[in-house]
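**Student:**
Residue numbers (the working numbering), protein chains in the order written: chain P, 158 to 376; chain G, 5 to 265.
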């Protein structure tokens with residue numbers, strides 16, 4: 158089928174389709190990472206007890222200190238061995254999402270800690286409950302502090318989706334390698350792949366910088 | 005309200021940080037409309053005492069009552085009192101306005117929103133009502149023209165006035181001031197003191213921790229001199245001119261010398 162298409166459209170079309178998968182996996186992993194990361198950091202924030210803190214710390218350490226590929230293999234092949242068979246895309250989303258959540262949980266924790274204790278005291282003093290203080294005072298300020306690392310993570314997760322080629326998720330690098338194996342057009346195919354990553358990541362970085370400027374506190 | 009019933013009762017307040025005893029049994033009342041100034045050397049426990057009133061610094065022992073209601077403690081079974089959580093405390097704290105030494109305005113909100121947040125989220129007012137109240141309170145501290153500014157664009161004196169407007173928007177029964185001018189450049193102290201003075205003239209009840217002895221004399225009806233975790237001397241503002249104890253006389257002499265006379 159590929160051979161029947163005119164050159165180089167025969168490379169571009171499958172790679173564009175693959176880019177769709179890359180974006181799908183990235184968005185899924187990113188959303189999972191933000192939500193789970195925020196939930197973990199918030200739990201730590203509200204419940205200072207070690208019963209809660211230690212399991213979260215263990216989770217964060219395990220996911221930050223073991224290579225992503227190892228996690229992906231455990232989730233994809235390890236779980237399959239135990240009878241839980243995940244599709245390669247689901248495994249990719251869950252794997253990258255869990256890794257990202259560990260990273261972002263730490264980013265959010267640092268963000269919460271960066272906010273002066275007086276901010277919270279002023280909220281409590283006017284009669285807000287800790288939940289209201291969190292929602293109206295801590296969280297809005299945390300977003301602003303954590304937006305740059307979250308933006309970096311968003312770009313990183315797109316690049317990291319290339320790893321899930323190893324579990325046969327049909328994203329850009331997986332597709333590119335298949336095309337190269339069939340055609341030996343190494344430079345051209347990987348060049349197109351690189352171009353696609355640039356086309357996704359550069360506008361994203363710019364959008365994030367815009368958002369940062371938009372949300373900046375006037376001073 | 006009956007003048008004989010105190011608005012605030014502070015009974016035998018103790019506070020320790022580990023082995024350090026900061027408050028060793030502080031007892032005083034504030035009558036409705038009364039303005040009590042707490043003075044004393046640093047480390048004497050005056051700020052801890054003030055922060056104990058709204059339980060930002062929960063006392064180790066003792067009792068606080070506002071309008072006859074015990075603050076921060078709940079009687080679970082007769083005679084057994086349990087400390088309230090911050091969530092349980094919230095409605096009680098809403099009745100007490102507090103102005104901090106370092107203002108603690110919320111930097112992500114404009115001056116107007118800093119003042120409107122409490123009435124809207126705690127007071128249950130509509131956004132429009134809360135904004136209207138905020139504008140009225142900002143007018144009271146002469147900052148109507150800065151309503152849309154964000155805190156970091158305001159001078160220290162302006163920030164502290166917004167913080168006072170924020171406390172007023174709670175429509176509190178009692179105002180607490182924790183050294184409201186100590187963080188300000190000297191030329192900005194006056195505008196904040198003027199605002200507090202105007203509130204005093206309205207007959208608002210307040211407890212004021214301050215280093216400004218002259219101001220305490222002008223504004224307060226009563227003065228507490230704290231030393232080493234206890235009230236060492238208390239009385240009318242004449243104390244500040246004619247101290248009874250050597251300790252207070254010595255303290256006043258030191259303060260006057262620092263004021264550069």
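Positions of the beta carbon are idealized from the N, C-alpha and C atoms, including for glycine.
Note that the structure is predicted; figures quoted are calculated from it, not measured.
Where DSSP assigns a beta bridge to residue 181 of chain P, which residues make up the other side?
**Tutor:** Partner residues in a beta bridge of residue 181 of chain P, as assigned by DSSP, do not exist.
**Student:** For residue 126 of chain G, which residues in chain P fall below 7 Å Cβ to Cβ?
**Tutor:** 283, 284 and 285
**Student:** Please work out which residues of its chain come closer than 6 Å, Cβ to Cβ, to residue 95 of chain G, disregarding the five sequence neighbours upstream and downstream, and give them in chain order.
**Tutor:** none
**Student:** Just verifying my parser: in three-state terms, what is the DSSP assignment at residue 162 of chain G?
**Tutor:** Looking at residue 162 of chain G - three-state DSSP - the assignment turns out to be helix.
**Student:** Since residue 183 of chain G and residue 197 of chain G should fall inside the 8 Å C-beta cutoff, what is the C-beta to C-beta distance between them, to a whole number of angstroms?
**Tutor:** The C-beta distance from residue 183 of chain G to residue 197 of chain G rounds to 12 Å, too long to meet the 8 Å contact threshold.
**Student:** With DSSP as the reference, please indicate the residues paired to residue 18 of chain G in a beta bridge.
**Tutor:** G:28 and G:65
**Student:** For the beta strand (DSSP E) that residue 79 of chain G lies in, which residues bound it at each end?
**Tutor:** Where residue 79 of chain G is concerned, the enclosing beta strand (DSSP E) starts and stops at 77 to 81.
**Student:** Quick check: the Cα distance between residue 168 of chain G and residue 239 of chain G, rounded to an integer number of angstroms?
**Tutor:** 27 Å
**Student:** In or out: residue 371 of chain P buried (at least 16 other Cβ within 10 Å) or exposed?
**Tutor:** Looking at its Cβ environment, which holds fewer than 16 other Cβ atoms inside 10 Å, residue 371 of chain P is exposed.
**Student:** Helix, strand or coil for residue 71 of chain G? Go by DSSP, reduced to three states.
**Tutor:** coil
**Student:** Flag this pair as yes or no: are the beta carbons of residue 212 of chain G and residue 181 of chain G separated by less than 9 Å?
**Tutor:** yes
**Student:** Using only the alpha-carbon positions, how far apart do residue 200 of chain G and residue 172 of chain G sit?
**Tutor:** Cα to Cα, the separation comes out at about 11 Å.
**Student:** Use the C-beta contact count for residue 59 of chain G: other C-beta atoms within 10 angstroms, 16 or more gives buried, fewer gives exposed.
**Tutor:** buried
**Student:** Count the CB pairs spanning the segment 256 to 274 of chain P and the segment 192 to 210 of chain P that are closer than 8 Å, and state whether there are at least three.
**Tutor:** Output reads yes: the segment 192 to 210 of chain P touches the segment 256 to 274 of chain P.
**Student:** Spatial neighbours of residue 303 of chain P within its chain, please: CB distance less than 7 Å, with the 5 preceding and 5 following residues excluded, ordered by chain position.
**Tutor:** 264, 265 and 268
**Student:** I need the straight-line Cα distance from residue 166 of chain P to residue 238 of chain P, nearest angstrom please.
**Tutor:** About 39 Å.
**Student:** How many Å lie between residue 343 of chain P and residue 324 of chain P at the Cα?
**Tutor:** 21 Å
**Student:** Measuring only between beta-carbons, confirm whether residue 100 of chain P sits less than 9 Å from chain G.
**Tutor:** Given a span of 158 to 376 for chain P in the structure shown, any question on residue 100 of chain P remains unanswerable.
**Student:** If I follow the unbroken beta strand (DSSP E) through residue 229 of chain G, where does it start and stop?
**Tutor:** 226 to 231
**Student:** Return no unless some Cβ of chain P is closer than 9 Å to the Cβ of residue 70 of chain G.
**Tutor:** no
**Student:** Kindly indicate which residue of G:43, G:19 and G:26 has the alpha-carbon position closest to the one of residue 63 of chain G.
**Tutor:** G:19
**Student:** Is the beta carbon of residue 70 of chain G sitting closer than 9 Å to the one on residue 100 of chain G?
**Tutor:** yes
**Student:** Kindly indicate if chain G contains any beta-carbon less than 9 Å away from that of residue 170 of chain P.
**Tutor:** no
**Student:** Output the distance between the C-alpha atoms of residue 399 of chain P and residue 362 of chain P, rounded to the nearest integer angstrom.
**Tutor:** Nothing can be reported for residue 399 of chain P, as the shown portion of chain P is limited to 158 through 376.
**Student:** With a cut-off of 9 Å, does the C-beta of residue 333 of chain P fall near any C-beta of chain G?
**Tutor:** Not one beta carbon of chain G lies nearer than 9 Å to the beta carbon of residue 333 of chain P.
**Student:** Below 8 Å, can you find three or more Cβ-Cβ pairs linking the segment 103 to 123 of chain G to the segment 133 to 152 of chain G?
**Tutor:** yes
**Student:** With a Cβ-Cβ cutoff of 9 Å, do residue 107 of chain G and residue 375 of chain P count as a contact?
**Tutor:** Residue 375 of chain P is positioned such that its CB atom lies no closer than 9 Å to that of residue 107 of chain G.
**Student:** Taking C-alpha atoms, which residue in G:32, G:130, G:190 and G:231 lies nearest to residue 45 of chain G?
**Tutor:** G:231
**Student:** Closest to residue 246 of chain G by CA distance: which of G:221, G:81 and G:90 is it?
**Tutor:** Comparing C-alpha distances from residue 246 of chain G to each of G:221, G:81 and G:90 shows the shortest one belongs to G:221.
**Student:** At 9 Å on the CB atoms, spell out the chain P contacts of residue 134 of chain G, in chain order.
**Tutor:** Those do not exist, as residue 134 of chain G stays about 12 Å from chain P at its closest Cβ, beyond 9 Å.
**Student:** Would DSSP call residue 174 of chain P helix, strand or coil?
**Tutor:** helix
**Student:** Between the C-alpha atoms of residue 295 of chain P and residue 224 of chain G, what's the straight-line distance to the nearest angstrom?
**Tutor:** 36 Å
**Student:** Less than 9 Å between the C-beta atoms of residue 37 of chain G and residue 207 of chain G, yes or no?
**Tutor:** yes
**Student:** Give the secondary structure of residue 154 of chain G by DSSP, where H, G and I count as helix, E and B as strand, and everything else as coil.
**Tutor:** coil
**Student:** Show which residues of chain P have a CB atom less than 8 Å away from the CB atom of residue 91 of chain G.
**Tutor:** 286, 287 and 288
**Student:** Examine chain P for any beta-carbon lying closer than 9 Å to the beta-carbon of residue 215 of chain G, and answer yes or no.
**Tutor:** no
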